[in-house]
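Enquirer: These protein sequences, in sequence, are chains A and B.
My numbering puts the first residue of the first sequence at 1, with every later residue one more than the last.
My numbering puts the first residue of the second sequence at 1001, with every later residue one more than the last.
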Amino acid sequence: LAAALKRTKIQWYPIPVGLGIGFLGLLQFYKVREREGQRSIEGGSFPAGDEDQPPKRRKIRPSGPWQVQIMSTLPLKAVSRLWGWFNGLEIPYYLRVPGFRLYSWIFGVNLSEVSEPDLHVYPNLASFFYRTLKPGVRPLDPDHNALLSPADGRILQYGMIQEGEVEQVKGMTYSLDGLLGQKPPGESEHDSVPGAPKQSNSRSRHGEEELIKADEEFARLNGISYTLPNMFSGPQKAGQPTESVDASMEATNSAVAEVRADLALGDTSSHWYAPYDAKPHHALYFVVVYLAPGDYHRFHSPCSWVAERRRHFAGELYSVSPYLQRTLPGLFTLNERVVLLGRWRWGFFSFTPVGATNVGSIVINFDRELRTNSLLTDTAADRAAAEAAKRGEPYSGFSEATYAPASRVLGGHALTRGEEMGGFQLG
Amino acid sequence: STVVLVFEAPKGKRRSFDEGWQGGERKGGWRWAVEQGQKVKVGQALGYV
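Below you can see the structure in the form of C-alpha cells.
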C-alpha cells in the first residue's frame, strides 16, 4: 500500500464550471423544497404546483443541540415505562437498606424525615421514591395570604405573564395556550345545569354583590367571621385553630349554598372564572418548581382553591432537568402533563404537574379516571397522541374532564391549603 | 418532574410619591418571597398577597 501510494502519480484537473453550478443548484433546490415543506406543515401555503396535493407530513423534531436531537429520536415513553417496570421489581430483603441508603446518599434524601423508619418496608425503589413524610416535618406558612410551595424542589423561574407568554428559562417563552390549552368557554361546566341561570358580565357583577350579601347573612346567622375571599383561604371561627375549621370547609360551603338558595341567588360562582384574562388591577403570575430525583415526590395544594377541570396532554417525556429546560424551547408544551384549571380567592388558578422520562406517571388523588404514561390502560389522549404519531404529526390536543361540583357554590373539587393532591411515580 | 403554577393575583396600587414611591413598588398586591434557584419545601411561602 505504501509503495502504491508513493509511486502513483497524482494529476490535478479543474472541475468543470457546469458541474459546480449544477451542484449548487441542486443544493438550493433541496433547501427551498425543505423550507416549503416546513411551511406547509405549519399551515402555510403549499409549494407551487402542489395545491391539489395533501401537504407532506413529517415528524417535527424539536430544535436544539445534538443531545436534544438524539433524545428526540428515542422512544421516551417506552423507555419511561421500562424504567417504571424495572423499579417495580422487588429488591431482596437484605439489599433494601444499603440500596436505599446509597440512593439517599447520592441524591440527598433526608432519611430522618421519612415516615417509615424501617427501610425494609419499601419493597422496591418505586415505593421508596413515592414515600410519605413524618407528620409535622413540613409546617405550613401561618399566613393565609401566602401561596405555598406545592412540592419540595428548586425555583427554576417565576414572574409575571406578559401578553400570554410564559418565560421558560432565560428568554425562552411559550404561550399560555400552548401550556394550558386553549381558553375554556367563559362559563364553567356547572353553569349548564338545567335550570341554572346563564350569567352575563353585568349579571355576574350583580351576582357578586348579592353573594357578598349572602356571605354576610351567613356570617350573621352562624356567628362566623367569614368573608367572601376567606372562602378560599379557609373560614376562621374566632378562638378556634385554623386546621380544625379547614377540615369542615366542605360542610361550611354547603351551608353557604343553603343560604344562597334561601336568598334565591342562583349560581353566581362563574363570575370568578376568567381564565387567562386577569381582572382590572390583577395580573397573571407563574412559578416553576423543579423536583430533583431525591426530593419528596408528592405535591400538595398551594392554597385553598377549587379545581374545576382537568386536561391531560399526552405528549412526550423529555427530561425536565434545568439543562434541558435551557436548551429545549417549549419543553413544557411538549411533555406529558396534567393541567388542573380552577380558581382561588383572587381569580384564575392552575396547577400543572409536568412528567419527565424517569417520572412519567402523574397521580391525582381525587381523579381515579386519570391514567398517565400507561400502556395497558391508554386514555383517549394517549390514543389520539399515538394516532398522531403514526401519521407523523405533532399532537397538541388534550382530553378534558370536569370535576363534579361538590356544591353549587364551589362548582368543582375543593382543595384546602397544604392538602396532598397527588404525586409523581417512577416510570 | 416539575410543577408549574399559573395564577391570578392583584397587582396592588402603585404608591404615590408622597407615600414613598420607590420605582414601581406597589402596595397590597402580589409579592414574591422566593428567589430564582432557591430550594423550597412543601408549605413554604412562595409569595404573599
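From the three backbone atoms N, C-alpha and C, an ideal C-beta is built for every residue, glycine too.
Where do the N-terminal and C-terminal ends of the beta strand (DSSP E) with B/P1010 fall, by residue?
Expert: 1002-1010
Enquirer: In the segment 288-353 of chain A, which residue ranges form an unbroken alpha helix (DSSP H) of at least 4 residues, counting only runs that do not cross its ends?
Expert: 322-327, 331-334
Enquirer: In terms of residue numbering, what span does the alpha helix (DSSP H) encompassing A/Y93 cover?
Expert: 93-107
Enquirer: Taking A/L138 as the query, report the chain B residues whose CB atoms sit under 7 Å from its CB, ordered along the chain.
Expert: At residue 138 of chain A the sequence reads Arg, which differs from the Leu that was named. Correct list: K1041, V1042, G1043.
Enquirer: Run down chain B in chain order and give the residues with a C-beta less than 8 Å from the C-beta of A/N145.
Expert: Neighbourhood of A/N145 in chain B, by CB distance below 8 Å: Y1048, V1049, in chain order.
Enquirer: Looking only at its own chain, which residues have a Cβ that is under 8 Å from the Cβ of A/Y113, when we skip the five neighbours before and after it?
Expert: A small fix is needed here, since residue 113 of chain A is Glu in this sequence, not Tyr. Here the set comprises L133, K134, V137, Y296.
Enquirer: Under three-state DSSP, which class holds A/A278?
Expert: coil
Enquirer: Would you tell me roughly how many angstroms separate the C-alpha atoms of A/F128 and A/F29, rounded to the nearest one?
Expert: 57 Å
Enquirer: From A/F424, A/T402, A/G427, A/G418, pick the residue whose C-alpha is nearest to that of A/D143; which is it?
Expert: A/G418
Enquirer: When you compare only the Cα positions, how much space is there between A/S149 and A/P92?
Expert: 36 Å
Enquirer: When the Cβ atoms of the segment 277-292 of chain A are set against those of the segment 83-103 of chain A, are three or more pairs found closer than 8 Å?
Expert: no
Enquirer: Am I right that A/Q157 and B/Q1036 are in contact with their C-beta atoms under 8 Å? What's the rounded C-beta distance?
Expert: Rounded to the nearest angstrom, the Cβ distance from A/Q157 to B/Q1036 is 7 Å, consistent with a contact under 8 Å.
Enquirer: For A/F100 and A/P123, what's the separation of their Cα atoms in angstroms?
Expert: 10 Å
Enquirer: By the criterion of Cβ-Cβ separation under 8 Å, what are the contact partners of A/T352 in chain B?
Expert: V1003, V1004, L1005, V1006
Enquirer: For a cutoff of 8 Å on Cβ pairs, would you count B/W1030 as touching chain A?
Expert: yes
Enquirer: With distances taken Cα to Cα, identify the nearest neighbour of A/F107 among A/R343, A/L291, A/W83.
Expert: A/L291
Enquirer: Give the range of the beta strand (DSSP E) segment to which A/L156 is assigned.
Expert: 153-160
Enquirer: For A/S149, would you say it is in contact with chain B, using Cβ-to-Cβ distances shorter than 8 Å as the test?
Expert: yes
Enquirer: For B/Q1038, tell me which candidate among A/V288, A/V17, A/K77 has the shortest Cα-Cα distance.
Expert: A/V288
Enquirer: Ignore the nearest five residues each way along the sequence and tell me which others in A/P293's own chain have a CB closer than 6 Å to its CB.
Expert: F107
Enquirer: Starting from A/S374 and walking both ways along the alpha helix (DSSP H), at which residues does that stretch end?
Expert: No alpha helix (DSSP H) contains A/S374, which DSSP labels as neither H nor E.
Enquirer: How long is the line joining the alpha carbons of A/T73 and A/G411, rounded to whole angstroms?
Expert: 43 Å
Enquirer: Can you find the residues in the same chain that come closer than 6 Å, C-beta to C-beta, to A/P353, ignoring five residues on each side of it along the sequence?
Expert: Cβ neighbours of A/P353 beyond the five flanking positions: V338, I362.
Enquirer: Distance cutoff 8 Å, beta carbons only. Does A/Q157 sit that close to anything in chain B?
Expert: yes
Enquirer: To the nearest whole angstrom, what separates the beta carbons of A/W83 and A/N358, a pair I think is in contact under 8 Å?
Expert: 6 Å
Enquirer: Assuming A/Y130 and A/G423 are in contact, meaning their beta carbons sit under 8 Å apart, how far apart are those beta carbons, in whole angstroms?
Expert: 6 Å
Enquirer: By Cβ distance below 7 Å, which residues in the same chain neighbour A/D367 in space, the five residues on each side in sequence not counted?
Expert: R310
Enquirer: Would you mind sorting A/I155 into buried or exposed? The rule is 16 or more other CB atoms within 10 Å of its CB.
Expert: buried
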